[in-house]
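As structure tokens, the structure follows; a few thoughts come after it.
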Amino acid sequence: MYLKCLLTGLLSGFLLYLSAQDMPSVKPEKGMKIISSTRLQPGFYALNSDSSSPLIEIAGENITVDLKEVILQGSNDKTRPDEFYGVAIYIRPGSKNIHIRNANIHGYKIAILADSVDRLSIEDCDLSYNYRQELKSNREREDISDWMSYHKNENQEWKRYGAGIYLNHCKNALIANNTITGGQCGLMMTHSEKATVYNNNFSFNSGIGIGLYRSSFNTFYHNRLDWNVRGYSHGKYKRGQDSAGFLVFEQCNDNIFAYNSATHSGDGFFLWAGQHTMDTGEGGCNDNFIYGNDFSYAPTNGVEVTFSRNLVMKNIIRDCDHGIWGGYSFDSDFTDNDFAFNRIGIAIEHGQNNNIAINRFLYDKTAIKLWSRATQPADWKYAQVKDTRSMNYWIAANQFTATETIYDIMGTDTVAFSGNQKMAHTVNLKLGERTNDIDTSREDDPLDMDYVPDERLKQVPVTKRPDPLFQKGKENIRIAKWGPYNFQYPLLWLKNIDSSGLYHFEVLGKTGSWKVKELNGFEITEKGNDSFPSLIIAKPVGSSVQKNIRLQYEGPAFINQLGKEENSGTVFEYEQFAVQQKWVTRWFKWDSTNDPLTATDAFMNLLASTPIHTDTLPKLDFTWWGSIGKNLPADSFATDAVTDIETEKGFYDLAVTADDFVKIYVDGKLVIDGWDPKFTLYDEYTHHRTVIELSKGLHQIRVIHAEKSGIATLMFYFNPVKDKAQQPVYQLRISNH
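Under the numbering used here, think of the first position of the sequence shown as 294, with each following residue one higher.
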């Protein structure tokens, strides 16, 4: 059947190729509608799309659109990737047998959007450097507004993250030999099935390589999905903020993922059954075949497969927090995988009827951890209709070498061990409370196991992963303002500040050399050679609030982090702006009588009363997971903070991340109004930003913040804007009087 489909597709493609030789050549323009095979005239076209209508529409059947030597550049009135907008190419519902070739599309929210299309092919396209969010997390701590959320997509909510390719309700798509880098998401699919996706390079994006929502019976092989990551600072935090090489979310079944490379991503493979399963106990992301991939160097999980039934086989999973996180997985097989240097090789909470066999564990701190909680939340429907006990495991023919703890088991019933081999371990079996029927009687028996390869492998013609990309290891993940560093452009990276206050920098780049061009507020104490990579050690000097180290690059032209070509002589730098702040901060407890949303006047009167706590702080930089302090509330509190800041005349980028509500006043004028529940709908909505023009002198800044429940955060940002082209929608000029 597969061979028949392949031959049919090849024949169709050949016929279209022949017809394409006679295609008319036309100049692309805004509002173009294509209803027959077309070749676009070569050239660079700066064409903005409207936010409400695409640049080019394709509709009909048996259409080839060839964009060889054509570059479409959108959002030409914007310089920030988080302001890119519009769709470059839209394929209308009902279209069939559509072929897009050789496109170069940059600067849009979505490069190619297909809706309800049958037999679409997108091949040999470069859809890089489209929309992505500015990341606010820094070297020291996370900002919650950087977290991604996929729980709602029935109304195409995922579009807010942008994409190189977005497929909605598409069937039988072929996505091959494309490149998508320097964006937020590569390929996103919702309600799509029977696609074949292979030989693509969707790497160095700040969110997702390939994402699926309610999409089944698709095949993904020989793709490079490396370095799709955010939310990582080596040695500081490592939560990944739900970035992933593969995202498989909400009722995605019977997909094949084989021979892909998805290393250095937040999760290598992130599968979650979906909200429908949580609310009903039904369904899941079941019977997916995850074979022969490399999911190494994930800050969080190499593979996450939860609340579902899947086959995870013959993958490489090295140096992750969890090699496999399989919470609530059932009837699953974890077979013939290679684990090494993970904190935990396989971790399964509340799993049932799972087999762990023929795997190899090397230098993992804990190889296999099985456990359960004593009780489940009473209002959780899944736990009401499903048996959530941790039980029924067969652990056989695994090899454990130099593992600190081999088995860590608690709250679990019925585990049988057979023929596992062990060398140089510290702890063999750690048993906790609530364990029963742990059968180790055959643990040391010789056991020679093998298995018959899954029939689905016949659908995968390539049996080799892409070669590794760049330096291996999580220590080489560096998250810049717009996403992961890709080793292609010069970068001065602050690695750490030591106990004596010295700044240790890496000088990174691909080719060429560098030299020091300018120092402000720093003195270099040590300097490496003038090639890449190199180092600089510097100490801060003087009292200037604005410090920088400016280096000059010499060498061949390169593509910078925004996808623009730069030449020899380009300056790259480290900047630090540390204007003195002294926040007089007061906390208040509120209730229904002075609710910040429903009783505004009473709430403002509350801020004029005696606070429950007062402090003076050098910065506003809070994330409260619980109470705001000893004997102080965790919920229903407010913060009123005031400081005076001395500035030079100029433009300033003023921003705040706040959960739940926030207002900012500068010299008594409201400049940011985030006092609305809509700003808590998604994590990214909690960040608010504007640019203001300030006169030279002293300015008062007041931040009023209110928290309802759950996690609370308040992070204030204030920096000078050098490039006026970076200014957002509006400016507010404020002079001190």
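Note that CB positions come from ideal geometry on N, CA and C, so glycine has one too.
Residue burial classification, residue 303 (beta-carbon count within 10 angstroms, cutoff 16): Here residue 303 is taken as the residue at index 10 of the sequence shown, counted from 1. Any reading at residue 303 must be qualified, since the residue scores a pLDDT of 49, below 50, and its modelled position is unreliable; no value is offered.
Chain-order list of residues whose beta-carbon lies under 6 Å from that of residue 732 (same chain, five-residue window excluded): In the sequence shown, counting from the first residue as 1, residue 732 sits at position 439. Once the five neighbours on either side are set aside, the close Cβ partners of residue 732 are 709.
Segments of 4+ residues assigned as alpha helix (DSSP H) that fall wholly inside the segment 512-590: 568-573
Cutoff 6 Å; reference residue 491; Cβ partners in own chain excluding five residues on either side: Counting from 1 along the sequence shown, the entry for residue 491 is found at position 198. Once the five neighbours on either side are set aside, the close Cβ partners of residue 491 are 469, 514, 515.
Beta-carbon proximity list for residue 574, same chain, < 7 Å, skipping 5 on both sides: What you label residue 574 is simply residue 281 of the sequence shown in a count that begins at 1. Result list for residue 574: 674, 675, 678, 679, in chain order.
8 Å contact criterion, which residue 335 and residue 358 should meet: CB distance rounded: Mapped onto the sequence shown, residue 335 falls at position 42. Mapped onto the sequence shown, residue 358 falls at position 65. Not confirmed; about 14 Å, so no contact.
Residue 1007 to residue 417 span [Cα, whole Å]: Against the sequence shown, residue 1007 aligns to sequence position 714. Against the sequence shown, residue 417 aligns to sequence position 124. Approximately 45 Å between the Cα atoms of the pair.
Boundaries of the beta strand (DSSP E) in which residue 660 is found, first to last residue: For the purposes of this step, residue 660 is taken as residue 367 along the sequence shown, with counting starting at 1. Here the beta strand (DSSP E) through residue 660 covers 659-664.
C-alpha distance - residue 985 paired with residue 360, whole-angstrom precision: In the sequence shown, residue 985 corresponds to position 692, counting from 1. In the sequence shown, residue 360 corresponds to position 67, counting from 1. Distance between the alpha carbons of residue 985 and residue 360 is about 42 Å.
CA-to-CA distance, residue 607 to residue 295, given in whole angstroms: Against the sequence shown, residue 295 aligns to sequence position 2. Against the sequence shown, residue 607 aligns to sequence position 314. Here residue 295 scores only 38 on pLDDT, less than 50, and its place in the model should not be relied on; the value that follows carries that caveat. Between residue 295 and residue 607, the C-alpha separation is close to 23 Å.
Identity of the residue in 404, 987, 794, 976 nearest residue 960 by Cα: As a working mapping, residue 960 is identified with position 667 in the sequence shown. When only C-alpha atoms are compared, the closest one is 987.
Span of the beta strand (DSSP E) around residue 1005: The sequence position of residue 1005 within the sequence shown is 712, counting from 1. Unbroken beta strand (DSSP E) run through residue 1005: 1005-1013.
Inter-stretch contact (C-beta, 8 Å, three-pair minimum) for the segment 987-996 and the segment 435-453: no
contact_flag[the segment 935-954, the segment 918-926] where n(CB pairs < 8 Å) is 3 or more: no
Straight-line gap, residue 1004 to residue 665 (C-alpha atoms, nearest Å): Counting from one through the sequence shown, the residue named residue 1004 turns up at place 711. Counting from one through the sequence shown, the residue named residue 665 turns up at place 372. Looking at the two C-alpha atoms, the distance is approximately 25 Å.
For residue 634, the first and last residue of its enclosing alpha helix (DSSP H): For the purposes of this step, residue 634 is taken as the residue at position 341 of the sequence shown. Premise fails: residue 634 is in no alpha helix (DSSP H) and is neither H nor E.
Sequence ranges, beta strand (DSSP E) only - wholly within the segment 727-815, length at least 3: 729-735, 784-790, 796-801, 806-813
Residues bridged to residue 692 [DSSP beta-bridge criterion]: In the sequence shown, residue 692 corresponds to position 399, counting from 1. Partner(s): 653, 714.
In DSSP terms, what residue 697 is bridged to: One-based indexing of the sequence shown puts residue 697 at position 404. Beta-bridge pairing links residue 697 to no other residue.
Own chain residues within Cβ distance below 6 Å of residue 1010, not counting five before or after: Position 717 of the sequence shown, counted from the start, is the residue given in the question as residue 1010. Contacts found: 948.
Nearest to residue 759 (by Cα), restricted to the options 587, 474, 463: Taking the sequence shown and counting its residues from 1, one reaches residue 759 at position 466. Checking every option, the nearest Cα to that of residue 759 belongs to 587.
Neighbour-count burial assignment, residue 742, 16 or more Cβ in a 10 Å radius: Stepping through the sequence shown from its first residue, residue 742 is reached at position 449. The residue in question, residue 742, is exposed, as its Cβ has fewer than 16 Cβ neighbours within 10 Å.
Whether residue 871 touches residue 834 by CB criterion (8 Å): Taking the sequence shown and counting its residues from 1, one reaches residue 871 at position 578. Taking the sequence shown and counting its residues from 1, one reaches residue 834 at position 541. The answer is no: Cβ separation not under 8 Å.
Span of the beta strand (DSSP E) around residue 915: Here residue 915 is taken as the residue at index 622 of the sequence shown, counted from 1. Note, residue 915: beta strand (DSSP E), 914-917.
Three CB pairs or more closer than 8 Å across the segment 793-810 and the segment 552-570: no
8 Å Cβ cutoff met for residue 489 and residue 512: Walking along the sequence shown from the start, residue 489 turns up at place 196. Walking along the sequence shown from the start, residue 512 turns up at place 219. Result yes, Cβ atoms of residue 489 and residue 512 sit closer than 8 Å.
N- and C-terminal bounds of the beta strand (DSSP E) containing residue 460: For the purposes of this step, residue 460 is taken as the residue at position 167 of the sequence shown. Segment 456-461, the beta strand (DSSP E) holding residue 460.
For residue 427, the residue or residues it bridges with in DSSP: For this step, residue 427 is matched to residue 134 along the sequence shown. Bridge partners of residue 427: none, in fact.
Reduced DSSP category for residue 389 - H, G, I as helix; E, B as strand; rest coil: Taking the first residue of the sequence shown as position 1, residue 389 is located at position 96. Residue 389: strand per DSSP, three-state reduction.
Cβ neighbour criterion (16 or more within 10 Å) applied to residue 494: Translated into the one-based positions of the sequence shown, residue 494 becomes position 201. Under this definition residue 494 is a buried residue.
Cβ contact (3+ pairs, closer than 8 Å) linking the segment 546-554 and the segment 496-510: yes
Local Cβ density within 10 Å of residue 998, reported as buried at 16 or more and exposed below that: By one-based count along the sequence shown, residue 998 stands at place 705. Buried.
Backbone CA spacing between residue 632 and residue 698 [nearest angstrom]: Translated into positions along the sequence shown, residue 632 becomes position 339. Translated into positions along the sequence shown, residue 698 becomes position 405. Looking at the two C-alpha atoms, the distance is approximately 14 Å.
Sufficient close CB pairs (3 or more, under 8 Å) joining the segment 552-561 to the segment 819-828: no
Selected residue, minimal CA-CA separation from residue 318, among 331, 326, 325: Taking the sequence shown and counting its residues from 1, the one referred to as residue 318 is at position 25. It is 331 whose Cα lies nearest to the Cα of residue 318.
Residues that residue 824 bridges to, as DSSP identifies them: The residue given as residue 824 occupies position 531 in the sequence shown. In the DSSP output, where bridge partners are listed per residue, residue 824 has 806.
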